[in-house]
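Protein sequences appear in the order of chains A and B.
Here my numbering is used: the first residue of the first sequence is 1, the next is one more, and so on.
Here my numbering is used: the first residue of the second sequence is 302, the next is one more, and so on.
Note that the Cβ used here is the ideal one computed from N, Cα and C, for glycine as well.
The model shown is predicted, which means the values in this text are computed figures rather than measured ones.
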Amino acid sequence: MSSPIVTHNLSKSFRHTEAVHALSLAVPEGSIYALIGPNGAGKTTTIKLLMNILRASSGSAEILGRDSRRLSPREFARIGYVSENQEMPEWMTVDYFLRYLKPFYPTWDDALAADLVRQFELPGDRKLRHLSRGMRMKASLASSLAYRPELVVLDEPFTGLDALVRDEFTRTLLDRAEGTTILISSHDLAEIENFASHVGYIEEGRLRFTEEMSVLADRFRQVEVTFDAPPPVPANWPADWMKPDTAAAVVRFIDSRFDRERTGAEVRRLFPTARTVDFHAMSLREIFVALAMAGRHAKAA
Amino acid sequence: MRQAIHIFRKDARHCWPYIAAVMALTAVNAWRSVHEAPTGTHILDVLIPFLTVWTWWLAAGSAVHGESLAGDRRFWITRPYSGMSLLAAKLLFLVAFLAVPVLFSDCVVLAASGFNPFLLIPGLLLRQCDFLAFLALPFVMAAFTRVTREFLVALILFWAACYAATFLLGPRVLGSLAESTHGDAPWLLCAAGFLLVAWHYASRRTGAFKAITITLGVLAPIVMASSIMIAGGTIPSPTRSDDARYRSIAIRFAPDPDHPNPVDAASRTKGLIGIPVTFAGWPSHLLVGQLAQASVLDRGRVAWSCTGYLDRSVTTGPDGRALVLFVADMLAPAGATAAAVDLRLSLDLHIFEPQEGATLVPGDGWTYLSGFGSIRLSEGPASTLLFRTALTTPRPEWRYSLGDPSLYPVDGEWSGAAAFANSPMLFQTSPVNSYRGTATTAGPVVFTAKRQVAVVHRELLIRQIHLADFETRIP
Numbered sequence: 001m002s003s004p005i006v007t008h009n010l011s012k013s014f015r016h017t018e019a020v021h022a023l024s025l026a027v028p029e030g031s032i033y034a035l036i037g038p039n040g041a042g043k044t045t046t047i048k049l050l051m052n053i054l055r056a057s058s059g060s061a062e063i064l065g066r067d068s069r070r071l072s073p074r075e076f077a078r079i080g081y082v083s084e085n086q087e088m089p090e091w092m093t094v095d096y097f098l099r100y101l102k103p104f105y106p107t108w109d110d111a112l113a114a115d116l117v118r119q120f121e122l123p124g125d126r127k128l129r130h131l132s133r134g135m136r137m138k139a140s141l142a143s144s145l146a147y148r149p150e151l152v153v154l155d156e157p158f159t160g161l162d163a164l165v166r167d168e169f170t171r172t173l174l175d176r177a178e179g180t181t182i183l184i185s186s187h188d189l190a191e192i193e194n195f196a197s198h199v200g201y202i203e204e205g206r207l208r209f210t211e212e213m214s215v216l217a218d219r220f221r222q223v224e225v226t227f228d229a230p231p232p233v234p235a236n237w238p239a240d241w242m243k244p245d246t247a248a249a250v251v252r253f254i255d256s257r258f259d260r261e262r263t264g265a266e267v268r269r270l271f272p273t274a275r276t277v278d279f280h281a282m283s284l285r286e287i288f289v290a291l292a293m294a295g296r297h298a299k300a301a
Numbered sequence: 302m303r304q305a306i307h308i309f310r311k312d313a314r315h316c317w318p319y320i321a322a323v324m325a326l327t328a329v330n331a332w333r334s335v336h337e338a339p340t341g342t343h344i345l346d347v348l349i350p351f352l353t354v355w356t357w358w359l360a361a362g363s364a365v366h367g368e369s370l371a372g373d374r375r376f377w378i379t380r381p382y383s384g385m386s387l388l389a390a391k392l393l394f395l396v397a398f399l400a401v402p403v404l405f406s407d408c409v410v411l412a413a414s415g416f417n418p419f420l421l422i423p424g425l426l427l428r429q430c431d432f433l434a435f436l437a438l439p440f441v442m443a444a445f446t447r448v449t450r451e452f453l454v455a456l457i458l459f460w461a462a463c464y465a466a467t468f469l470l471g472p473r474v475l476g477s478l479a480e481s482t483h484g485d486a487p488w489l490l491c492a493a494g495f496l497l498v499a500w501h502y503a504s505r506r507t508g509a510f511k512a513i514t515i516t517l518g519v520l521a522p523i524v525m526a527s528s529i530m531i532a533g534g535t536i537p538s539p540t541r542s543d544d545a546r547y548r549s550i551a552i553r554f555a556p557d558p559d560h561p562n563p564v565d566a567a568s569r570t571k572g573l574i575g576i577p578v579t580f581a582g583w584p585s586h587l588l589v590g591q592l593a594q595a596s597v598l599d600r601g602r603v604a605w606s607c608t609g610y611l612d613r614s615v616t617t618g619p620d621g622r623a624l625v626l627f628v629a630d631m632l633a634p635a636g637a638t639a640a641a642v643d644l645r646l647s648l649d650l651h652i653f654e655p656q657e658g659a660t661l662v663p664g665d666g667w668t669y670l671s672g673f674g675s676i677r678l679s680e681g682p683a684s685t686l687l688f689r690t691a692l693t694t695p696r697p698e699w700r701y702s703l704g705d706p707s708l709y710p711v712d713g714e715w716s717g718a719a720a721f722a723n724s725p726m727l728f729q730t731s732p733v734n735s736y737r738g739t740a741t742t743a744g745p746v747v748f749t750a751k752r753q754v755a756v757v758h759r760e761l762l763i764r765q766i767h768l769a770d771f772e773t774r775i776p
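Set out below in structure tokens:
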């Protein structure tokens with residue numbers, strides 16, 4: 001499977017601050033790739049590097065097989081880009097905005113554009129400056145899907161949107177961009193969890209991991225060990241066990257390399273007095289929080 | 302090209318208030334140029350050009366800001382825009398909505414002022430180039446800024462920097478700078494500005510563009526200030542020539558042996574000296590102008606000197622008689638006019654030939670005189686001579702006479718609008734310069750244009766003359 005987005009040691013520094021450091025990733029074709037990470041992790045900078053909005057300090061990226069620094073109108077005609085902080089031509093009405101963009105895209109589909117306007121209930125005669133934030137995001141998405149792009153890049157699209165708009169936005173994206181590769185950065189992990197096929201976790205400009213969602217979900221487990229009496233905490237705590245929490249006769253932690261047999265055997269070795277051992281599946285949000293906390297603790301140490 | 306036109310149409314739709322304002326102000330300017338003779342003293346003479354210039358700049362800035370080059374959040378930077386199409390669209394906007402209306406207005410004003418625009422096509426095209434150079438500054442500033450507010454601040458700061466450079470560096474430094482670059486530097490800077498923006502459109506490298514623009518922006522006010530200073534300078538005087546046709550002209554001291562001083566003693570003006578001279582080898586159709594210098598010598602060296610002139614009331618007819626006048630008592634030592642002194646008269650003879658003429662009737666339309674300009678007499682009991690030049694200032698070698706064309710030429714004491722500027726920072730909103738000449742009495746008058754064909758220098762040494770003997774009265 002080819003990758004519409006590939007980066008090699010992509011780095012970006014702003015004076016003395018390194019926003020992205022040696023980032024290497026590949027977004028598989030047809031995947032919905034979620035780029036997650038805490039605020040200031042470098043998600044937006046990464047996306048701007050991919051879209052040639054910013055120039056990389058070092059490293060490179062290929063978008064649809066072309067060096068991102070040399071993206072031409074031909075490539076941009078195959079890419080849909082929606083960003084939470086994009087400045088729109090405020091004076092245009094929704095209808096005129098779509099009519100204006102149409103000649104730029106050889107694959108523009110009038111029927112699809114009309115469908116999107118209808119589905120999003122966009123007021124065609126209203127100027128973009130008079131639209132609510134949710135409506136503007138919908139207009140932006142409609143204008144980015146109407147030409148059936150091969151790659152859709154969404155930078156924090158859910159920020160500031162209410163639940164209903166998020167739901168509409170996501171549903172339309174999935175309905176209308178079937179088979180399209182989607183790269184999405186977002187804080188809304190609960191939303192993303194429902195449809196992302198791949199996830200990359202970025203922190204302090206470094207990509208901590210990138211993998212399929214299902215693999216990630218299988219890899220993380222919250223482990224709860226119960227005892228008859230408060231147990232002694234072992235000195236040689238495994239590096240993969242995160243967020244240890246001891247309360248009375250219960251020890252909880254998160255195993256970031258979960259394997260039922262191996263984890264079970266390790267628990268029994270370290271806690272020979274354990275009465276029960278339970279494994280709980282984790283949501284993306286719980287995994288994200290655990291990773292972020294572990295990162296902070298490591299930094300503090 | 303299709304994409305360029307598509308973007309251009311969008312800009313036309315977006316910028317229509319500016320376009321409407323440009324059209325309205327261009328029309329007002331044209332109307333005033335045709336029907337009024339701006340003198341620079343009425344508030345509208347200043348206000349309307351000021352508003353017109355700023356509307357041009359705002360329209361240009363608004364079009365560029367439609368796809369702002371600065372900032373990383375603009376919708377268009379991730380859309381399939383071609384840099385060259387975008388640049389072409391913006392240039393098309395400048396040409397269609399700013400340059401073409403100016404060209405059209407120029408043609409109307411010229412035609413209404415008695416000029417034939419078709420004969421002035423090279424000048425009109427050159428003026429269009431000047432106009433585009435004049436738009437280079439807002440074009441670069443708009444590419445450098447994101448919104449109108451920033452754009453205006455940048456323009457005002459740039460102008461302030463230009464004037465600061467004018468005051469800080471002074472005419473000597475700026476003059477030598479202009480001289481060393483032959484006055485081309487400001488124009489090259491404008492061309493560089495357009496190329497820089499073109500490169501920015503093609504590469505979209507805002508950081509590098511800003512760095513280069515700021516570097517140029519530090520130097521640009523100095524270069525532009527030099528052009529502004531030159532633009533405000535005086536019209537250069539014609540240089541002396543050594544035309545073979547006038548080598549035979551000679552000047553001779555010629556007092557009347559019977560009446561050395563025909564003015565009676567009571568009518569004389571103290572210190573005003575009139576030295577009678579005659580000219581030999583003087584072609585009868587030529588008319589002479591003016592400058593003279595009288596120097597009193599002491600053992601061959603200049604003891605004192607003063608500037609004088611050749612009396613215009615005395616014609617250089619076939620007898621070649623004239624009077625060199627100067628006021629001696631201002632600079633002369635006490636009693637100097639009574640003593641016998643050696644006097645050297647130095648004369649720059651500005652030689653004029655009568656050219657085309659016309660009979661002007663008050664209230665009639667403009668009459669075009671080839672090479673001179675358009676003239677007419679205003680209506681009224683004391684009609685005024687009105688004079689217009691197209692696309693240039695009046696040529697210093699042209700004068701005129703009213704009435705008898707054999708008379709000495711009237712000095713070009715024109716008063717009126719500012720001169721055309723040789724600076725890309727300044728652009729005159731009207732293609733004509735309007736001036737007011739001499740007031741005449743009512744009724745038709747013969748106007749003769751006169752062209753200076755040479756400046757001949759002659760000297761006359763008069764030994765042991767008593768200047769007091771030649772005191773005369775004010776002519």
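ask   = Quick one: is Tyr105 of chain A near chain B, going by C-beta distance under 9 Å?
value = yes
query = How about Lys127 of chain A: is its C-beta nearer than 9 Å to some C-beta of chain B?
reply = no
task = Let me know the secondary structure DSSP gives Tyr464 of chain B once reduced to three states.
result = helix
request  = Please confirm if Met137 of chain A has its CB atom under 9 Å from at least one CB of chain B.
outcome  = no
ask   = Leu64 of chain A and Leu151 of chain A: beta carbons closer than 9 Å?
value = yes
key: C-beta atoms of Thr514 of chain B and Phe445 of chain B nearer than 9 Å   = yes
key: Beta-carbon gap between Ser549 of chain B and Ala486 of chain B smaller than 9 Å   = no
message = Restricting to runs no shorter than 4 residues, where is the alpha helix (DSSP H) found entirely within the stretch 408 to 486 of chain B?
response = 422 to 445, 449 to 481
request  = From the DSSP output, in three-state form, read off Val289 of chain A for me.
outcome  = helix
Under 9 Å by beta carbon: chain E residues contacting Arg677 of chain B = The chain labelled as chain E is not found among the protein chains of the depicted structure, namely A and B.
query = What number of angstroms, rounded off, separates the C-alpha of Val165 of chain A from the C-alpha of Arg99 of chain A?
reply = 24 Å
query = Residue range of the alpha helix (DSSP H) that Gly264 of chain A falls in?
reply = 260 to 270
ask   = What did DSSP end up calling Gly362 of chain B once you bin it into helix, strand or coil?
value = helix
inquiry  = Between Leu145 of chain A and chain B, is any beta-carbon pair separated by less than 9 Å?
reply    = no
query = So which of B:Asn723, B:Trp317, B:Tyr736 has the shortest CA-CA distance to Asp431 of chain B?
reply = B:Asn723
inquiry  = Please report whether the beta-carbon of Tyr33 of chain A lies at a distance below 9 Å from any beta-carbon of chain B.
reply    = no
C-beta neighbour in chain B for Met213 of chain A, strict 9 Å = no
ask   = What do you get for Gly37 of chain A, buried or exposed, if any count of 16 or more other CB atoms within 10 angstroms of its CB means buried?
value = buried
task = Could you tell me which residues DSSP puts in a beta bridge with Ala593 of chain B?
result = B:Gly609, B:Leu648
message = Ignoring anything shorter than 4 residues, give me the alpha helix (DSSP H) runs that lie fully in the stretch 25 to 110 of chain A, in order along the chain.
response = 43 to 50, 73 to 76, 94 to 101
inquiry  = Per DSSP, what are the beta-bridge partners of Lys751 of chain B in this structure?
reply    = B:Pro655, B:Arg700
query = Candidates B:Ser369, B:Pro663, B:Arg696, B:Leu761: which alpha carbon is nearest Thr507 of chain B's?
reply = B:Ser369
ask   = Between the Cα of Cys491 of chain B and the Cα atoms of B:Phe580, B:Ser406, B:Met442, which residue gives the shortest distance?
value = B:Met442
Own chain partners of Lys764 of chain B with C-beta closer than 6 Å, once the 5 adjacent residues on each side are dropped = It is worth fixing the name first, because residue 764 of chain B is Arg in this sequence and not Lys. Once the five neighbours on either side are set aside, the close Cβ partners of Arg764 of chain B are Asp643.
inquiry  = The beta strand (DSSP E) that contains Lys302 of chain A, what's its start and end?
reply    = This structure cannot speak to residue 302 of chain A, because chain A is shown only from 1 to 301.
inquiry  = Looking at the strands, I want to know which residues DSSP matches up with Ile576 of chain B.
reply    = B:Val625
query = Going along the chain, which residues of the stretch 53 to 67 of chain A sit with their C-beta nearer than 8 Å to a C-beta in chain B?
reply = Ile53, Leu54, Arg55
task = Give a yes or no on whether the minimum CB-CB distance between Phe220 of chain A and chain B is below 9 Å.
result = no
message = Using only CA atoms, which one of B:Arg677, B:Ile308, B:Pro439 lies nearest to Ala455 of chain B?
response = B:Pro439
task = Starting from Asn85 of chain A, find everything on chain B with Cβ-Cβ shorter than 8 Å and list it in chain order.
result = Arg374
task = Grab me the residues of Gly384 of chain B's own chain with a C-beta within less than 6 Å of its C-beta, minus the 5 sequence neighbours each way, in chain order.
result = Tyr502, Ala503
message = Tell me which residue opens and which closes the alpha helix (DSSP H) that Gly674 of chain B is part of.
response = Where Gly674 of chain B is concerned, there is no enclosing alpha helix (DSSP H), although the beta strand (DSSP E) it sits in stretches over 674 to 678.
inquiry  = So the candidates are B:Tyr319, B:Ala521, B:Ser481; which of them puts its Cα closest to the Cα of Ala493 of chain B?
reply    = B:Ala521
ask   = What do you get for Phe580 of chain B, buried or exposed, if any count of 16 or more other CB atoms within 10 angstroms of its CB means buried?
value = buried
Spatial neighbours of Asp557 of chain B in its chain, beta-carbon cut-off 8 Å, leaving aside the 5 residues before and after = Pro563, Pro577
key: Cβ pair count under 8 Å reaching 3, the stretch 660 to 667 of chain B against the stretch 384 to 394 of chain B   = no
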